[in-house]
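Novice:
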Amino acid sequence: MADAPFIHLRCRSSFSLLEGAMRPDEIAKNCVGHEMPAAALTDSDNLFGALEFSEVMAARGVQPIVGLSLSVAVGPKPLGAQRTEPDGRIALLAQNEAGYARLMQLTSKAFLEVEPTEAPHVPFAELLRDTDGLLCLTGGPNGPLDRLLADARQEEAEELLTRLQGAYADRLYVELQRHGLSREQLVEPALIDLAYARSLPLVATNEPYFSSPKMYEAHDALLCIADGTFLGVEERRRVTREHYFADGGQMRARFADLPEAIANTADIAQRCSYRPLRRGPILPRFTGEAGRDEAAELAAQARDGLAMRLEGRELAASREDYEARLELEIDVITQMGFPGYFLIVADFIKWAKQAGVPVGPGRGSGAGSLVAWSLTITDLDPLRFGLLFERFLNPERISMPDFDIDFCQERRGEVIDYVCDKYGEDRVAQIITFGTLQARAAIRDVGRVMQLPFGMVDRIAKLIPFNPAAPVKLAEAIAGEPRLIEMQREDSDVAKLLETAQALEGLNRNASTHAAGVVIGDRPLTELVPLYRDPRASLPATQFNMNWVEPAGLVKFDFLGLKTLSVIDRALKYLSEQGIELDLDAVPIDDPATYEMLSSGASIGVFQLESSGMRDTLKKMRPDKIEDLIALISLYRPGPMDNIDTYVDRKFGRAEPDYLHPMLTPILEETYGVIIYQEQVMRIAQVLSGYSLGEADILRRAMGKKKKEEMDKQRVRFLEGAAKNDVPKSKASHIFDLVAQFAGYGFNKSHA
Numbered sequence: 111m112a113d114a115p116f117i118h119l120r121c122r123s124s125f126s127l128l129e130g131a132m133r134p135d136e137i138a139k140n141c142v143g144h145e146m147p148a149a150a151l152t153d154s155d156n157l158f159g160a161l162e163f164s165e166v167m168a169a170r171g172v173q174p175i176v177g178l179s180l181s182v183a184v185g186p187k188p189l190g191a192q193r194t195e196p197d198g199r200i201a202l203l204a205q206n207e208a209g210y211a212r213l214m215q216l217t218s219k220a221f222l223e224v225e226p227t228e229a230p231h232v233p234f235a236e237l238l239r240d241t242d243g244l245l246c247l248t249g250g251p252n253g254p255l256d257r258l259l260a261d262a263r264q265e266e267a268e269e270l271l272t273r274l275q276g277a278y279a280d281r282l283y284v285e286l287q288r289h290g291l292s293r294e295q296l297v298e299p300a301l302i303d304l305a306y307a308r309s310l311p312l313v314a315t316n317e318p319y320f321s322s323p324k325m326y327e328a329h330d331a332l333l334c335i336a337d338g339t340f341l342g343v344e345e346r347r348r349v350t351r352e353h354y355f356a357d358g359g360q361m362r363a364r365f366a367d368l369p370e371a372i373a374n375t376a377d378i379a380q381r382c383s384y385r386p387l388r389r390g391p392i393l394p395r396f397t398g399e400a401g402r403d404e405a406a407e408l409a410a411q412a413r414d415g416l417a418m419r420l421e422g423r424e425l426a427a428s429r430e431d432y433e434a435r436l437e438l439e440i441d442v443i444t445q446m447g448f449p450g451y452f453l454i455v456a457d458f459i460k461w462a463k464q465a466g467v468p469v470g471p472g473r474g475s476g477a478g479s480l481v482a483w484s485l486t487i488t489d490l491d492p493l494r495f496g497l498l499f500e501r502f503l504n505p506e507r508i509s510m511p512d513f514d515i516d517f518c519q520e521r522r523g524e525v526i527d528y529v530c531d532k533y534g535e536d537r538v539a540q541i542i543t544f545g546t547l548q549a550r551a552a553i554r555d556v557g558r559v560m561q562l563p564f565g566m567v568d569r570i571a572k573l574i575p576f577n578p579a580a581p582v583k584l585a586e587a588i589a590g591e592p593r594l595i596e597m598q599r600e601d602s603d604v605a606k607l608l609e610t611a612q613a614l615e616g617l618n619r620n621a622s623t624h625a626a627g628v629v630i631g632d633r634p635l636t637e638l639v640p641l642y643r644d645p646r647a648s649l650p651a652t653q654f655n656m657n658w659v660e661p662a663g664l665v666k667f668d669f670l671g672l673k674t675l676s677v678i679d680r681a682l683k684y685l686s687e688q689g690i691e692l693d694l695d696a697v698p699i700d701d702p703a704t705y706e707m708l709s710s711g712a713s714i715g716v717f718q719l720e721s722s723g724m725r726d727t728l729k730k731m732r733p734d735k736i737e738d739l740i741a742l743i744s745l746y747r748p749g750p751m752d753n754i755d756t757y758v759d760r761k762f763g764r765a766e767p768d769y770l771h772p773m774l775t776p777i778l779e780e781t782y783g784v785i786i787y788q789e790q791v792m793r794i795a796q797v798l799s800g801y802s803l804g805e806a807d808i809l810r811r812a813m814g815k816k817k818k819e820e821m822d823k824q825r826v827r828f829l830e831g832a833a834k835n836d837v838p839k840s841k842a843s844h845i846f847d848l849v850a851q852f853a854g855y856g857f858n859k860s861h862a
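Take the sequence shown: its position 132, counting from 1, is numbered 242 in our numbering, and each next residue is one higher.
1. Going by DSSP, what residues sit across from Lys-666 in a beta bridge?
2. Output needed for Ser-475: all residues of its chain with C-beta closer than 6 Å, excluding positions within five of it in sequence on either side, in chain order.
3. When you compare only the Cα positions, how much space is there between Phe-163 and Asp-135?
4. Can you name the start and end residues of the alpha helix (DSSP H) that His-329 belongs to?
5. Throw me the rounded Cβ distance for the Thr-652 and Leu-641 pair, which I believe falls under 8 Å.
6. Just mark Gly-342 as buried or exposed, buried being the case when its beta carbon has 16 or more other beta carbons within 10 Å.
7. Taking the alpha carbon of Ser-951 as the reference point, which residue from Ile-454, Arg-419, Phe-544 has its own alpha carbon closest?
8. With distances taken Cα to Cα, identify the nearest neighbour of Gln-788 among Asp-403, Glu-129, Gly-496.
9. What residues match up with Asn-252 in a beta bridge as DSSP calls it?
10. Using the Cα positions of Gly-390 and Arg-619, report the straight-line distance between them to the nearest angstrom.
11. Would the stretch 828-843 and the stretch 705-724 be scored as touching if the rule is three or more Cβ pairs under 8 Å?
12. Once you ignore the five residues that flank Tyr-782 on each side, which residues in its own chain have a CB closer than 7 Å to its CB?
13. Between the C-alpha atoms of Leu-708 and Ala-580, what's the straight-line distance to the nearest angstrom?
14. Is Pro-449 closer than 8 Å to Ala-405 when the C-beta atoms are compared?
15. By how many angstroms is the C-alpha of Asp-755 removed from the C-alpha of Cys-121?
16. Are Leu-480 and Pro-471 close, meaning C-beta to C-beta below 8 Å?
17. Provide the residue span of the alpha helix (DSSP H) that contains Gln-264, from first to last.
18. Strictly by DSSP, which residues pair up with Ile-515?
19. Who are the Cβ neighbours of Asp-431 in its own chain at under 8 Å, not counting the five residues just before and after it?
20. Have a look at Val-529, Ser-721, Ala-356 and flag the residue whose alpha-carbon is nearest the alpha-carbon of Gly-143.
21. Measure the alpha-carbon distance for Asp-695 versus Asp-701 and round it to whole angstroms.
22. Does the distance from the CB of Thr-241 to the CB of Ala-277 come in under 8 Å?
23. Start and end of the beta strand (DSSP E) containing Phe-544?
24. For the stretch 753-811, which segments carrying the alpha helix (DSSP H) assignment without a break, of at least 4 residues, lie completely within its bounds, in sequence order?
25. Between which two residues does the beta strand (DSSP E) holding Glu-285 run?
26. What are the residues that DSSP puts in a beta bridge with Val-349?
27. Give me the Cα-Cα distance between Glu-327 and Thr-610, rounded to the nearest whole angstrom.
28. What would DSSP say about Gly-143, mapped onto helix, strand or coil?
29. Which residues share a DSSP beta bridge with Asn-620?
30. Have a look at Lys-572 and Ala-183 and give me their C-alpha separation to the nearest angstrom.
31. When DSSP builds the beta bridges, which residues end up paired with Phe-857?
32. Which residue's Cα is closest to the Cα of Ser-181: Met-751, Thr-272, Pro-386, Glu-228?
33. Considering only C-alpha positions, which residue in the set Pro-230, Gly-130, Pro-511 is nearest to Gly-478?
34. Are three or more beta carbon pairs between the stretch 453-466 and the stretch 378-387 nearer than 8 Å?
35. For Leu-247, list the residues DSSP reports as bridge partners.
36. Shortest alpha-carbon distance to Asp-489 belongs to which of Glu-506, Ser-509, Arg-507, Pro-468?
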């Protein structure tokens, strides 16, 4: 026993919001560094990080144990009062899949089945039900057992232990912690006596909130941020310097008198042989007419829809071309297993349109799908605009389709209500999102808890570049700002502020609900993911964020609320009251008076065209066709903006277009030889070098990411393909370099 490995069973990650200061990858790194073969994550009341922890630990060769530090209410709630402070926490660890499923139920109940003003918790009785697959640790100094003993309520403590032992039998461990706290020392003899008297195993735990002792002061500031207090306040919540990720040798020394308590940590790790894994996408089955399966239903709806779309319309290609493209898309969608996704999206969009809820015409790469147009998911004819299906779904690079769907901001909730009614309220949820302590916020928060002068903290914060699209790390900001370097050198308070803020930067600060993401399951969601309740939202949310909810098996649907659609709807109603009926779907997109108005810069209130810089550019470009507006929206961004003058000069004949090669003229003619769109990059590879459009999409992604190894491989493929079309190697190489340069910031034409 003296040499038994110690396993941390009570790690807190940054998903214990403003409480834990280790990210899941840091826990894995610590395990590797300390040669610890396993570790358990027991965040406070939640499983926010469970799947991420499972994946990053396994990737480092460390066994992940998923658990929960769950708040329980032992006694009855005071009459007419809210329970703001539960009676303590008990740690539960998943031994197998059934245990993990029960953890998901328990944490979901802790958030969903309490009053909005109450802290998350479950009644103690709930803890005693369905315990198969769970190991129970009594909770340490913050557990109800320790608290009862500390209050000299011996009989109640014994009764509580009896009930736990009855529910968990040989899966119950009496937990001992030695962080140097007086309350730990006070109750330890009684805990040991109870354990020995009942033949219950002891287990030694440490609760690491941070990686090493040097992180103690930064973590102390984190607790002050959480509690809205100051470092200088004596009476406040604290942990000790010992609440760090101690190594096995340190823990064996700490519990040298109780070697079995150390040995039992390894015993527990051996008993917990389960970790949550990634799943493929799980969608509710879509029931077709006359018992058709999803593939047959999709084909039938798409073919009927296309026939209706083409009726009486001026076509951009022959009817046969439309039908051939439709069949190709149907085949790919079916082969990739996504008919149900298209049918579900089409269903709620059709309902919204029939209910008079304004719906956007479609944006994002989904606008490149003819099936989507046929099903009325989008209102753009992709052949008319030269849009590519492979930019949306590529059979050579399997990924979920993802439609960005805009609804009137004021009536978006009605569509979500329809989805809840159709699939079941327990099968629909929004997606959680986590706010983090980013550079400026970290400076302000730490400055406040240090009680530094507001003006000084504000000056320092404003020296940090603010770019939400590409946030700057504090270390980069300091290195690039001489004034910060000087202030840090001359003022110890500023040095401490910057050091502490850097230590806390990036930690999760709060949880809220994603603005658009909704998931729909084929079963109660708590069988797939744990759920969370945001007090400001009507629907529950998944405890996994955008990055992890899909690997857990759920498919995301975007229900975006767009104010512009509400404004347009109101304008149409005002016109109707004056006897003017306007059908937006029938409005021509070549109206000269409209382009004349836009060319004068009169575009305030027009979505994406209303900034002063955009209005100046409209005057310069003088758009006279929809293609000009598509190009403008794509070019008016950092980087591509440099090409606006080139586009305008070529448009008005002040410069000659350069099409690079005669074969590329049809592809680049629309934009006067300027490569603007990702779709143009794909077409160039297809025409010049014989790429399939699926291969071309992979080339586009490689060029965008600029990975040298992949780019070198693609260059060889591009040049070999061009040689077969008799394009000289030097010319093909020049075109590849130019295309790669543009591809880095090329815009998705379907989106524009």
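Ideal placement from N, C-alpha and C gives every residue a C-beta, glycine not left out.
Specialist: The structure says:
1. Val-629
2. Arg-501, Phe-502, Asn-858, Ser-860
3. Using only the alpha carbons, I get a separation of about 7 Å.
4. 326-337
5. About 6 Å separates the Cβ atoms of Thr-652 and Leu-641, confirming a contact at the 8 Å cut-off.
6. exposed
7. Nothing can be reported for residue 951: it is not among the residues displayed for the chain, which extend from 111 to 862.
8. Considering only alpha carbons, the answer is Gly-496.
9. Bridge partners of Asn-252: none, in fact.
10. 30 Å
11. no
12. Tyr-757, Arg-760, Lys-761, Pro-767
13. 32 Å
14. yes
15. 57 Å
16. At the C-beta level, Leu-480 and Pro-471 stay beyond 8 Å of one another.
17. 264-278
18. Phe-669
19. Leu-493
20. Each of Val-529, Ser-721, Ala-356 was checked against the Cα of Gly-143, and the nearest Cα belongs to Ala-356.
21. Rounded to the nearest angstrom, the two C-alpha atoms are 14 Å apart.
22. yes
23. 538-546
24. 754-761, 775-778, 788-799
25. First-last of the beta strand (DSSP E) with Glu-285: 282-287.
26. According to DSSP, Val-349 bridges with nothing at all.
27. The straight-line gap from Cα to Cα measures roughly 8 Å.
28. helix
29. Gly-545
30. 45 Å
31. Tyr-787
32. Glu-228
33. Pro-511
34. no
35. Ala-201, Tyr-283
36. Comparing Cα positions, the closest option is Pro-468.
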